[in-house]
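See structure below.
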Amino acid sequence: MQTIKLTEPQEKSLAEIEYLRNSMYGNLDFNATLDYMNRRYVEPISKLVDISESSLADCAAGFGFLLLSYLLEALSESAVIRSGSG
Numbered sequence: 210m211q212t213i214k215l216t217e218p219q220e221k222s223l224a225e226i227e228y229l230r231n232s233m234y235g236n237l238d239f240n241a242t243l244d245y246m247n248r249r250y251v252e253p254i255s256k257l258v259d260i261s262e263s264s265l266a267d268c269a270a271g272f273g274f275l276l277l278s279y280l281l282e283a284l285s286e287s288a289v290i291r292s293g294s295g
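Each residue of the sequence shown is one higher than the last, beginning at 210 in the working numbering.
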């Protein structure tokens, strides 16, 4: 598994999302968050299936850090399923 590291422009783009910035997650270290998601979820999944050949459906995706971690690692197809308004 690779170490996921966002570029400075990518981090800046995330930090500029007003809804994220004004939420309780506004002070997240994005790289540390993606690293956690990778170690906690993506790595265990990759031991069960070939994630480069598998899709991920991230229901109740929140801000999508699991989805982003999966995409960066697997470079495969994913889908966000969002319910509610806003």
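Heads up, the beta-carbon is just placed ideally off N, CA and C, and yes, glycines get one too.
Under a three-way DSSP split, which group does residue i fall into?
| i | result |
| --- | --- |
| Leu281 | helix |
| Leu275 | helix |
Measuring CB to CB, does residue i end up less than 9 Å from residue j?
| i | j | result |
| --- | --- | --- |
| Phe272 | Leu243 | no |
| Ser278 | Asn247 | yes |
| Phe239 | Leu257 | no |
Could you name the residues of the same chain whose beta carbon sits closer than 6 Å to that of residue i, not counting the 5 residues immediately before and after it, in chain order?
| i | result |
| --- | --- |
| Val251 | Ser278, Tyr279 and Glu282 |
Take residue i and list the residues in its own chain whose beta-carbon comes closer than 7 Å to its own, dropping the five residues that flank it on each side.
| i | result |
| --- | --- |
| Ala224 | Arg230 |
| Phe274 | Thr242, Leu243 and Met246 |
Please go through the same chain and pick out, in chain order, the residues whose beta-carbon is closer than 8 Å to the beta-carbon of residue i, but skip the five residues on each side of it.
| i | result |
| --- | --- |
| Ile260 | Val251, Ile254, Tyr279, Glu282, Ala283 and Ser285 |
Which residue spans inside the stretch 217-245 form an unbroken alpha helix (DSSP H) run of at least 4? Inside the stretch 217-245, DSSP marks whole alpha helix (DSSP H) runs of 4 or more residues at positions 217-224 and 227-230, from first to last along the chain.
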